[in-house]
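Asker: Protein chains in written order, with our numbering: chain D, 703 to 808; chain E, 732 to 850. Take a look at the following structure, please.
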């Protein structure tokens, strides 16, 4: 099974900050990686797929990069609506998620 | 617009059964790949099961032999039959649509329904 490790588990930041979340795979997954935003009691929302392709309608302040085993999600300028938990998911072999990164207000 | 609404969660004793329902609108379940994903309290997301457009299914090892995914094309609904439930099955269960783009990944999600397995 492919394991996904996200870091950090919690991130404190302010509006306007540049935020970076990392996701590492236990083996190469090429670029078969997605990122989701999840708020309590809401449906998770797809942000990025194929490591760096922005989903339609997602603000351009979100970007993804990486391939192989190391990936990053970057929010260029954190907005009030962005405080949430972010999950990575590999879909190279079945589907596994990272443990999530909670972005909270500093 | 794709909408997914889960129902059927609740409190059940260990060893019991529950059937989750996911009412879909805005697309046809008959030709779609659909998944169940769960999140246990304080834990990350965990993929549970998938049913492809051709009807083939896959399950996580943790639920294989106990859970069954199915769909009703006329009702445009996805189901998850959960038997022999264990306390570690306690989680919010989300249904989701899957997109094929070289590989299969989850795109639209429902809000989820809470399943609690406890005596």
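Glycine is no exception: its CB is placed at the ideal position from the N, C-alpha and C atoms. It should be emphasised that the depicted structure is a prediction, and the values quoted were computed from it without experimental measurement.
When you compare the segment 781 to 789 of chain D with the segment 812 to 826 of chain E, are there three or more beta-carbon pairs, one atom per stretch, that lie closer than 8 Å?
Answerer: The answer is no - the segment 812 to 826 of chain E does not touch the segment 781 to 789 of chain D, with fewer than three Cβ pairs under 8 Å.
Asker: What would DSSP say about residue 760 of chain D, mapped onto helix, strand or coil?
Answerer: If DSSP states are grouped into helix, strand and coil, residue 760 of chain D belongs with coil.
Asker: Residue 761 of chain E to residue 737 of chain E, Cα distance in whole Å?
Answerer: The straight-line gap from Cα to Cα measures roughly 18 Å.
Asker: Compare the C-beta of residue 799 of chain D with all C-beta atoms of chain E and state if any pair is closer than 9 Å.
Answerer: It does: the Cβ of residue 799 of chain D has a partner Cβ on chain E nearer than 9 Å.
Asker: Would residue 832 of chain E pass as an interface residue toward chain D - the criterion being a Cβ-Cβ separation below 9 Å?
Answerer: Taking Cβ atoms only, chain D reaches closer than 9 Å to residue 832 of chain E, which makes this a yes.
Asker: Starting from residue 756 of chain D, find everything on chain E with Cβ-Cβ shorter than 8 Å and list it in chain order.
Answerer: By Cβ distance, chain E contributes nothing, its closest Cβ being about 13 Å from residue 756 of chain D, past 8 Å.
Asker: Using 10 angstroms around the beta-carbon of residue 750 of chain E, count the other beta-carbons present and answer buried if the total reaches 16, otherwise exposed.
Answerer: Flag for residue 750 of chain E reads exposed.
Asker: May I ask which residues mark the beginning and end of the beta strand (DSSP E) holding residue 773 of chain D?
Answerer: 772 to 777 is the extent of the beta strand (DSSP E) around residue 773 of chain D.
Asker: My understanding is that residue 821 of chain E touches residue 772 of chain E, with C-beta atoms under 8 Å, so please give their C-beta distance in whole angstroms.
Answerer: Indeed, because the Cβ distance is near 7 Å, the residues count as touching under 8 Å.
Asker: Can you list, in chain order, the residues of its chain with a C-beta nearer than 7 Å to that of residue 742 of chain E? Leave out the 5 residues immediately preceding and following it.
Answerer: For residue 742 of chain E, where only same-chain residues beyond five positions count, the Cβ hits under 7 Å are 847 and 849.
Asker: Using a 10 Å radius around the Cβ and a threshold of 16 neighbouring Cβ atoms, would you call residue 796 of chain E buried or exposed?
Answerer: Exposed is the call here.
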